[in-house]
Each structure stands twice: as C-alpha cells, then as structure tokens.
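A.B. asks: Got a structure for you, questions after.
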C-alpha cells in the first residue's frame, strides 16, 4: 500500500498519519484515504473533484502537475505527500 503523508496544516484532521492506502493512481489512493477520512476530501479537492489551487502533491519525490495529478500511476511502495502550496513574494 502507498503511504500518504500530510503536512502540518492537516495534522488536526489526520493526526495519526501517514496513512496507508491502496490504488493504482494518486486519485485511487486519495479516494481510499477519503473513504477512511471523509473530512479530508474538502481540504484536498474542490467541489468538482479537482485538486485545490493551493494544494501540491508529490509522488515518490516528484512534484505532480495539477492537471495530471489524479491519474499519475503509483506503486504499492510509493510515498505520496499532500502539501499546501505557498505563493507570494
């Protein structure tokens, strides 16, 4: 199972992370996480099911482009990191 790690901004919602979740893609893995923790979904995905603007996801150390994140393939030993993207200067 892939391990899904959350940064500190979601620690109140997922205090016992990382979570293990099965799936062939990042979208599958996240769906498994949301099944375990439904309240996390709204922090990661918008109302249309797309990755929120200020959420950044890495799989196995690679930052995933927003439009390809959910379909990105993962392995059972993959590490998926869900982070808050920062902007500004």
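Residue numbers (the working numbering): 4 to 92.
We put the beta carbon where it would ideally sit given N, CA and C, even for glycine.
If you're wondering where the values come from, they're calculated on a predicted model, not measured in any experiment.
In terms of alpha-carbon separation, which member of 6, 56, 57 lies closest to residue 28?
C.D. replies: When each option's Cα is compared against that of residue 28, the closest is 6.
A.B. asks: Please name the residue in 87, 71, 80 whose C-alpha comes closest to that of residue 30.
C.D. replies: Nearest option by C-alpha distance: 71.
A.B. asks: Does the beta-carbon distance from residue 67 to residue 57 come in below 7 Å?
C.D. replies: Contact: no.
A.B. asks: Between which two residues does the beta strand (DSSP E) holding residue 83 run?
C.D. replies: 82-87 is the span of the beta strand (DSSP E), which, as asked, contains residue 83.
A.B. asks: Mapping the DSSP letters down to three states, classify residue 66 as helix, strand or coil.
C.D. replies: Strand.
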